[in-house]
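Asker:
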Amino acid sequence: HYASLDDGHLTWLAQLPVTRHLELDGHRFLLVHATPRDPMDEYLGDSTEQWQQRLEHLDVDFVCVGHTHVPMHLDFGRTQVINPGSVGQPRDGDPRAAYAIIDKGQVEFRRVPYDIDQTIHHMRRCGIDDQVIQKAESVLRSGGNTTSSGFAD
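Be aware that the sequence shown starts at 285, since it is given in this note's numbering, and climbs by one per residue.
This is the structure in structure tokens:
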């Protein structure tokens, strides 16, 4: 929660890049929160036509994104788009923590259950507003598959 961050944390966060290019084991990656065109805010699901447009001028093997919180794997041959899902704010109806492993160019999605009650307890200990906790709890327990959560599905 924002209130638990000190000046050192905020300085570190402010210095993080909006996008990051890196190479691992001979594979070129672009890491970005949303899309290459709009790294922070563009909300784009699994529309292959729209993703193809976003990838036209990129020379990478993998684009790793996360903004929608929904696991996704699009393979365009030269480039694959991977969204591992969400560890703590699911939006696909599955409350387990989601992640992806990319090994030797192959993508594998995994899920791990975790103690939601303990997560809610820690949120309360951090002094997070009760209304925020109620909304978060709804998302965590339903896997984001609820219209009453107060968050976009």
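The C-beta atom is built at its ideal place from N, Cα and C for all residues, glycine as well.
Using CA coordinates, which residue listed in 426, 363, 389 is at the minimum distance from residue 335?
Answerer: Within the sequence shown, numbered from 1, the residue matching residue 335 stands at position 51. Per the Cα distances, 363.
Asker: Restricting to Cα atoms, I'd like to know which of 299, 294, 291, 421 is closest to residue 374.
Answerer: Position 90 of the sequence shown, counting from 1, holds the residue named residue 374. Of the listed residues, the one whose Cα sits closest to residue 374 is 421.
Asker: In terms of alpha-carbon separation, which member of 426, 321, 345 lies closest to residue 381?
Answerer: Residue 381 sits at position 97 when you count from the first residue of the sequence shown. Residue 426 is the option with its Cα nearest to residue 381.
Asker: Pop quiz: residue 345 and residue 312 are said to be a contact at Cβ under 8 angstroms. What is the actual Cβ separation, rounded to whole angstroms?
Answerer: Numbered from 1 along the sequence shown, position 61 holds the residue referred to as residue 345. Numbered from 1 along the sequence shown, position 28 holds the residue referred to as residue 312. The Cβ separation is near 5 angstroms, so the contact holds.
Asker: Can you tell me whether DSSP reads residue 347 as helix, strand or coil?
Answerer: Working through the sequence shown from its first residue, we reach residue 347 at position 63. DSSP places residue 347 in strand when its eight states are reduced to three.
Asker: By Cβ distance below 8 angstroms, which residues in the same chain neighbour residue 329 in space, the five residues on each side in sequence not counted?
Answerer: For the purposes of this step, residue 329 is identified with residue 45 of the sequence shown, where counting begins at 1. Only 352, 354, 356 meet the Cβ criterion.
Asker: Assuming residue 342 and residue 314 make a contact with CB atoms under 8 angstroms, what is their CB distance in whole Å?
Answerer: Residue mapping note: residue 342 aligns to position 58 of the sequence shown, counting from 1. Residue mapping note: residue 314 aligns to position 30 of the sequence shown, counting from 1. The Cβ separation is near 6 angstroms, so the contact holds.
Asker: Could you check which residue in 418, 397, 394 has the C-alpha nearest to that of residue 405?
Answerer: Translated into positions along the sequence shown, residue 405 becomes position 121. Nearest C-alpha to residue 405: 418.
Asker: Going residue by residue through the stretch 339-423, where are the continuous alpha helix (DSSP H) segments of at least 4 residues, counting only ones entirely within it?
Answerer: For the stretch 339-423, whole alpha helix (DSSP H) runs of length 4 or above, ordered along the chain, are 400-409.
Asker: Rounded to a whole number of angstroms, what is the C-alpha to C-alpha distance between residue 372 and residue 292?
Answerer: In the sequence shown, the residue the question calls residue 372 occupies position 88. In the sequence shown, the residue the question calls residue 292 occupies position 8. Approximately 24 angstroms between the Cα atoms of the pair.
Asker: What residue does the alpha helix (DSSP H) around residue 295 start on, and which one ends it?
Answerer: In the sequence shown, counting from the first residue as 1, residue 295 sits at position 11. Run containing residue 295: 291-298, per the alpha helix (DSSP H) assignment.
Asker: Less than 8 angstroms between the CB atoms is what I'm expecting for residue 386 and residue 366, so what's the real figure, rounded?
Answerer: In the sequence shown, counting from the first residue as 1, residue 386 sits at position 102. In the sequence shown, counting from the first residue as 1, residue 366 sits at position 82. With 8 angstroms as the limit, residue 386 and residue 366 qualify as a contact, their Cβ atoms being about 7 angstroms apart.
Asker: Check each candidate in 306, 301, 402 and name the one with the smallest Cα separation from residue 323.
Answerer: Your numbering for residue 323 matches position 39 in the sequence shown. Checking every option, the nearest Cα to that of residue 323 belongs to 301.
Asker: Taking the CB atoms as reference points, tell me whether residue 413 and residue 395 lie closer together than 8 angstroms.
Answerer: Taking the first residue of the sequence shown as position 1, residue 413 is located at position 129. Taking the first residue of the sequence shown as position 1, residue 395 is located at position 111. Not a contact, by the Cβ cut-off of 8 angstroms.
Asker: How is residue 319 classed by DSSP in three states: helix, strand or coil?
Answerer: Within the sequence shown, numbered from 1, the residue matching residue 319 stands at position 35. Note: residue 319 maps to coil in three-state DSSP.
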